[in-house]
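Positions in the sequence shown are counted from 1; adding 202 to them yields the numbering used here.
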Amino acid sequence: MSTMPAVQAPATPAKALSVPQKALRKLGLVRDIDLALHLPLRWEDETRMVPLGQARPGEPVQFEGEVTDSQVTFRPRRQLVVTVADASGETCQLRFFTFYPSHQKAMATGTRLLVRGEAKGGFLGGWQIVHPTVRPAGMALPGALTPVYPTVNGLPQAYLRKAVLAGLGRADLSETVPDAMRPALGLHGDWTLRAALEHLHRPPPDASVAALEDRSHPAWQRLKAEELLAQQLSQLRSKRERDALRAPALPTRPGGLQEQLLAALPFQLTAAQRRVGEEIAADLGRPVPMHRLLQGDVGSGKTVVAALAATVAIDAGWQCALMAPTEILAEQHFRKLVGWLEPLLAPRGLGVAWLTGGQKKKERAAMLERIASGQAALVVGTHAVIQDQVQFQRLALALIDEQHRFGVAQRLALRSKLQEQGSEPHLLMMTATPIPRTLAMSYYADLDVSTIDELPPGRTPIVTKVVADSRRGEVVERIRGQLAEGRQVYWVCPLIEESEALDLSNATHTHAELSAALPGVLVGLLHSRMPPAEKKAVMDLFTGGQMGVLVSTTVIEVGVDVPNASLMVIEHAERFGLSQLHQLRGRVGRGAAASACVLLYAPGENGRLGETARARLKAMAETTDGFEIARRDLEIRGPGEFLGARQSGAPLLRFADLVADARLLEVARDLAPRLLDRHPEAAARHEARWLGGKSEFLKA
Ligand code: ADP
Ligand code: MG
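Laid out in structure tokens, this is it:
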């Protein structure tokens, strides 16, 4: 390793790169600034000797000693075993599973070495270290803590350390936030960006590991504030770019289709539904594409709000599309919307069309024809809605249900369905997984959010019980009780990631068990591998009330609406995510009947539940509030998983923590628009510094 890698020369053909150079790319460490912002994971104290006499198992030692023996053994596998004795006479065996003759020579008997590593053993057979760091004795110890960086295979720490320090030396670290604004961000003058980075990459000799690893240190605060500011700037900019686009302005007409639908509904809107309906109508009235998220707990009545938005677009002479993630859900929407809208559309010669993957060719062709001609004012379907053959005559509004189930590409495809030059459809995304405030303020800052925070009247709260699987018998008793009262029951079996077949056998087994235990009751089975027609037949029996119990894999997760169902049993509840459990639970409690959710759990092989599984079940038992669930989910999982498909590829926050750094987030949010307005160049420089080319992902 004689010369530094040419980290700033992306023009070099890929095949000319060395292994560590390729690894640097893989980590996204291309520019000097990328290297400078690649911060240590932890620090090691190599400044002191830790002789074997002071060693504790599993902790690092660093000592000088003399090689007393060196040999290659073959049991249990080929390895070089070097025995070293230190001044006090204690011995340590060094084991190397990969080694070259040069290593053997450098550690020949009689050589004095400086050894560093994690010592194991220490009782009878003396100490052992696997793959220690070994240098000739007598070398000066470093004067400061040694940073340890996140790395990948093929990129040794020593190489990475050199590359980072070189990048740090060369990078432009001039301040982007003007002096006058810096106090607002809490960026104290004595912690310039350079000072903060120097501190973390090259800690001063007297720094302690604990102080560095405590991320409340001002150097960390400085970096976290910068990172959050970059994220805010990126979101704000993409929001403004979108605001510069055009969309059809869709005014709400008094006495129009929307009023007719409201008059025809069998219920009154809740205050929350009315409020979000107005927010959406206001967006639609403007010639700028709406980019709004409608969040509301399961059962809060988002569908009717979507239908009301659709009426506005249809009234103005445009088409709408509603896309749902599963065929069952799409069909349920279709039925509901046909029921509400067909009577109003038919007199105008318009109707609702239906598109799914499993559709017959002829039916599909007919639907495509109706969509292209504009006769289909509303198109409901699965992913089929965004396929190339689907040509809308005039699409003005796209509604996406359970938006987190769709990726960025799919949303973009829907947006591109409005062919008119420079114009985009309005976009309303719906989710039953509410976004905690800190997330809404960070990753979703470019979205407008409408929240339905109230359930329709007459719902009874759901009682949740966490029950060990060994008490299954009692649960079956309980099912019997519900059936005797004319109610219906869901029983959900988990998806087993590794094996769809196993998943199925589990559900099949439970289905057989319940069928046997409940003679005279129709027990149905639903799983993802069933042909659509069969799924539909089973769903129809359950929706129609003839089927008492529905055993299913997670296919019923979203959207199924059977108000007579009063009991939800979730088997192996410990395997589900928190928001998934909450969504499943939301399938009951939709009518006036008292409803319950039973979370059956089976402890692991050690007889215990894992910590996060326990936290999830506890949260479920303690609250039915979707916002509280979402907040705890964020705490348990962190934002990476929480965001799911929406932001795959998006730059996740590397340093800032949305829970711990909520205050910094508020400050960054406050500063971003001022910086962007008054110092657009500095804002662009700041964003590029932190996000490079990655901010593109955030736009969809
Ligand atoms: P979600 O928000 O989970 O998608 P849905 O739109 O499926 O909820 O609504 C759940 C049920 O509540 C549906 O049967 C729907 O017709 C009904 N509903 C919606 N709004 C009201 C309301 N204001 N009053 C009574 N029932 C309502
Ligand atoms: Mg819904």
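Don't be surprised by glycine CBs; every beta carbon is placed ideally from N, CA and C.
Quiz item: Considering only residues of the same chain and omitting the five flanking positions on each side of residue 529, which have a CB-CB separation below 6 Å?
Solution: 558, 584 and 734
Quiz item: Is it the case that the Cβ atoms of residue 429 and residue 829 are separated by a distance below 8 Å?
Solution: no
Self-check item: For residue 524 and residue 780, the rounded distance between their alpha carbons
Solution: 27 Å
Quiz prompt | Contact check, residue 448 vs residue 625, beta carbons under 8 Å | solution = yes
Practice problem: Enumerate in chain order the residues of its own chain whose CB-to-CB distance from residue 235 is below 6 Å, with the five nearest sequence positions on each side excluded. | Solution: 373 and 891.
Practice problem: Report buried or exposed for residue 341, applying the criterion of at least 16 other Cβ atoms within 10 angstroms of its Cβ. | Solution: exposed
Exercise. Please go through the same chain and pick out, in chain order, the residues whose beta-carbon is closer than 6 Å to the beta-carbon of residue 788, but skip the five residues on each side of it.
Key: Closer than 6 Å at the Cβ level, and outside the excluded window around residue 788, lie 500 and 501.
Self-check item: Reduced DSSP category for residue 893 - H, G, I as helix; E, B as strand; rest coil
Solution: Assignment of residue 893 by DSSP, reduced to helix, strand and coil, places it in the helix class.
Quiz item: Skipping 5 residues on each side, what residues in its chain have a beta carbon closer than 7 Å to that of residue 538?
Solution: 505
Quiz item: How is residue 245 classed by DSSP in three states: helix, strand or coil?
Solution: strand
Quiz item: Since residue 677 and residue 800 are thought to touch, with beta carbons under 8 Å apart, how far apart are those beta carbons, to the nearest angstrom?
Solution: Going by Cβ atoms, the distance from residue 677 to residue 800 rounds to 6 Å, so yes, they are a contact pair.
Self-check item: Contacting residues, own chain, Cβ-Cβ under 6 Å from residue 638 (five flanking each side not counted)
Solution: 832, 833 and 836
Self-check item: Contact test: residue 603 Cβ vs the ligand MG heavy atom, cutoff 7 Å
Solution: yes
Exercise. Rounded to whole angstroms, what's the CA-CA distance from residue 358 to residue 292? Just pull it up for me.
Key: 31 Å
Quiz prompt | Assigned exposure category for residue 278 - 16 Cβ within 10 Å defines buried | solution = exposed
Quiz item: Can you pull the DSSP bridge partners for residue 752?
Solution: 692 and 726
Exercise. Could you tell me the boundaries of the alpha helix (DSSP H) in which residue 305 lies?
Key: From DSSP, the alpha helix (DSSP H) with residue 305 extends over 303-308.
Self-check item: Classification of residue 550 by the beta-carbon crowding that lies within 10 angstroms, buried from 16 upward
Solution: exposed
Quiz item: Under the DSSP definition of a beta bridge, which residues are partnered with residue 285?
Solution: 271 and 295
Quiz item: Under 7 Å from any heavy atom of the ligand ADP, does the C-beta of residue 763 make it?
Solution: yes
Quiz prompt | Residue burial classification, residue 586 (beta-carbon count within 10 angstroms, cutoff 16) | solution = buried
Practice problem: Taking only the alpha-carbon atoms, compute the straight-line gap between residue 851 and residue 863 and give it to the nearest angstrom. | Solution: Because the pLDDT of residue 851 is 38, which lies under 50, any placement of that residue in the model is unreliable, and the question is left without a value.
Quiz item: Between the stretch 332-351 and the stretch 241-257, do at least 3 Cβ pairs fall closer than 8 Å?
Solution: yes
Quiz item: By the 10 Å Cβ neighbour count, where 16 or more other Cβ atoms means buried, how is residue 692 classified, buried or exposed?
Solution: buried
Practice problem: Quick one: residues in its chain with C-beta nearer than 6 Å to the C-beta of residue 650, no 5 flanking neighbours on either side, listed in chain order? | Solution: 494
Practice problem: In the DSSP assignment, find the unbroken beta strand (DSSP E) run with residue 797 in it and report its ends. | Solution: 797-803
Quiz prompt | Burial state of residue 469 (16 or more Cβ within 10 Å) | solution = exposed
Quiz item: Going by DSSP, which residues form a beta bridge with residue 669?
Solution: 802
Quiz item: Looking only at C-alpha atoms, which of 415, 451 and 384 sits nearest to residue 424?
Solution: 384
Quiz prompt | Distance CB(residue 286)-CB(residue 315) smaller than 8 Å | solution = Between residue 286 and residue 315, the CB-CB gap stays under 8 Å.
Exercise. May I ask you to check if the CB of residue 505 is nearer than 7 Å to at least one heavy atom of the ligand MG?
Key: yes
Self-check item: Best match in 410, 541, 796 and 417 for proximity to residue 463 [C-alpha to C-alpha]
Solution: 541
Practice problem: Pull up the distance between the alpha-carbon of residue 674 and that of residue 802, whole angstroms please. | Solution: For residue 674 and residue 802, the distance between alpha carbons rounds to 8 Å.
Exercise. May I ask whether a heavy atom of the ligand ADP can be found less than 7 Å away from the beta carbon of residue 593?
Key: no
Practice problem: Please confirm whether any heavy atom of the ligand ADP lies closer than 7 Å to the CB of residue 662. | Solution: no
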